[in-house]
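Chains as they are written, first to last, in this note's numbering: chain A, 3 to 106; chain B, 447 to 620. The beta-carbon is built from N, C-alpha and C at its ideal position, and this holds for glycine as well. Note sheet for the following structure.
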């Protein structure tokens with residue numbers, strides 16, 4: 003079998019990529035993609051710990067949490083992209099460096 | 447035949463490595479590609495890789511859900527949003543914002559710390575074998591209508607409200 007460490011390191015890498023996209027990209031849609039990557043990394047961890055936990059065939063909490071995360075991610079991306087489209091319609095840009103209305 | 451200094455990888459480990467390489471490649475394309483469409487395609491590759499990881503971990507239902515929801519729905523939504531908001535985003539402007547250097551340092555430190563923590567713990571190398579795989583999907587269905595019924599209904603409500611809110615936000619009031 004694949005060691006649990008491999009799953010965790012893969013998840014750590016995907017999470018780091020998502021974090022970089024969320025912090026360092028300029029386009030709002032790229033930031034949303036980074037958030038999706040981070041949620042996927044969390045799901046990899048949930049599934050890996052479910053598989054290597056006690057009695058995986060009876061104890062399904064990890065899979066159920068992963069399904070909840072997928073559903074919440076779907077809701078989040080719908081609202082996020084609607085916000086991006088609304089911002090684009092009002093400001094003609096989705097460049098995050100230019101969206102500084104709330105800057106004091 | 448001389449003894450190898452390390453045990454040969456099993457078939458499952460080889461497949462996992464290939465799938466993980468696909469996921470890593472997709473994630474890197476998402477982060478580094480200057481063109482947003484290339485980022486979206488990398489995202490699809492990463493989603494497929496993650497779905498395969500689920501299937502290798504014997505969570506087949508989650509893997510299929512991943513393909514349906516992420517690859518089928520979320521990627522399509524993201525592609526539509528890119529097409530609706532394109533224009534000046536494909537020009538001489540850099541794909542990174544002003545703080546990307548700090549972000550790179552922070553994320554590489556995060557990765558290194560996570561790897562250090564993960565590899566310092568003696569995790570179990572093998573999980574318990576699953577003999578009755580079809581029981582898992584039946585168990586998921588039972589759990590959603592028994593002990594997790596309230597979160598399940600709340601989730602349905604959340605999805606309804608979020609999608610209605612998305613329509614209201616994206617509507618053109620003119």
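Residue i versus the options, residue with shortest Cα-Cα distance
i: residue 569 (chain B); options: A:51, A:32, A:39, A:16; result: A:51
i: residue 559 (chain B); options: A:9, A:3, A:18, A:5; result: A:18
i: residue 27 (chain A); options: B:519, B:553, B:611, B:454; result: B:553
i: residue 515 (chain B); options: A:25, A:59, A:42; result: A:42
i: residue 44 (chain A); options: A:16, A:105, A:35, A:61; result: A:16
i: residue 488 (chain B); options: B:551, B:521, B:592, B:608; result: B:521
i: residue 550 (chain B); options: B:474, B:492, B:495; result: B:474
i: residue 567 (chain B); options: A:21, A:100, A:10; result: A:10
i: residue 546 (chain B); options: A:33, A:70, A:79, A:78; result: A:33
i: residue 455 (chain B); options: A:8, A:12, A:77; result: A:8
i: residue 472 (chain B); options: B:494, B:577, B:591; result: B:494
i: residue 612 (chain B); options: A:72, A:62, A:76; result: A:76
i: residue 6 (chain A); options: A:60, A:55, A:73, A:40; result: A:55
i: residue 458 (chain B); options: B:544, B:589, B:502, B:491; result: B:502
i: residue 578 (chain B); options: B:485, B:505, B:492; result: B:505
i: residue 3 (chain A); options: B:598, B:599, B:590, B:573; result: B:573
Beta-carbon contacts of residue i that lie in its chain and below 6 Å, excluding the five residues immediately before and after
i: residue 30 (chain A); result: 86, 96, 98
i: residue 48 (chain A); result: 64, 67, 68
C-beta neighbour in chain A for residue i, strict 9 Å
i: residue 453 (chain B); result: no
i: residue 491 (chain B); result: no
i: residue 508 (chain B); result: yes
i: residue 396 (chain B); result: Outside the shown range of chain B (447 to 620) lies residue 396 (chain B), about which nothing can therefore be said.
i: residue 554 (chain B); result: yes
i: residue 596 (chain B); result: no
i: residue 605 (chain B); result: yes
i: residue 494 (chain B); result: no
i: residue 511 (chain B); result: yes
i: residue 482 (chain B); result: yes
i: residue 561 (chain B); result: yes
i: residue 615 (chain B); result: yes
i: residue 530 (chain B); result: yes
i: residue 498 (chain B); result: no
Residue i burial status per 10 Å Cβ neighbour count (16 or more: buried)
i: residue 534 (chain B); result: Unreliable placement is indicated for residue 534 (chain B), whose pLDDT of 48 sits below 50; the coordinate value is still reported in the next sentence. Flag for residue 534 (chain B) reads exposed.
i: residue 529 (chain B); result: exposed
i: residue 469 (chain B); result: buried
i: residue 587 (chain B); result: exposed
i: residue 531 (chain B); result: buried
i: residue 527 (chain B); result: buried
i: residue 575 (chain B); result: exposed
i: residue 565 (chain B); result: exposed
i: residue 467 (chain B); result: exposed
i: residue 38 (chain A); result: buried
i: residue 22 (chain A); result: buried
i: residue 58 (chain A); result: buried
i: residue 617 (chain B); result: exposed
i: residue 476 (chain B); result: buried
i: residue 35 (chain A); result: buried
i: residue 483 (chain B); result: exposed
i: residue 518 (chain B); result: exposed
i: residue 464 (chain B); result: exposed
i: residue 462 (chain B); result: buried
i: residue 595 (chain B); result: exposed
Sequence-distant residues of the same chain with beta carbon closer than 7 Å to residue i, five excluded per side
i: residue 500 (chain B); result: 508, 509, 512
i: residue 687 (chain B); result: This structure cannot settle anything about residue 687 (chain B), because the visible part of chain B is limited to 447 through 620.
i: residue 460 (chain B); result: none
i: residue 104 (chain A); result: none
Test: residue i CB closer than 9 Å to a CB of chain B
i: residue 104 (chain A); result: no
Minimum length 4: unbroken alpha helix (DSSP H) runs contained in the segment 461-491 of chain B: Counting only runs of 4 or more residues that sit fully inside the segment 461-491 of chain B, no alpha helix (DSSP H) segment turns up.
Length at least 4, wholly inside the segment 497-582 of chain B: the alpha helix (DSSP H) runs in chain order: Those alpha helix (DSSP H) runs which fall completely within the segment 497-582 of chain B and span 4+ residues are 506-512, 521-530, 546-566.
Inside the segment 40-101 of chain A only - beta strand (DSSP E) runs reaching at least 3 residues: For the segment 40-101 of chain A, there is no continuous beta strand (DSSP E) assignment of 3+ residues that stays within its boundaries.
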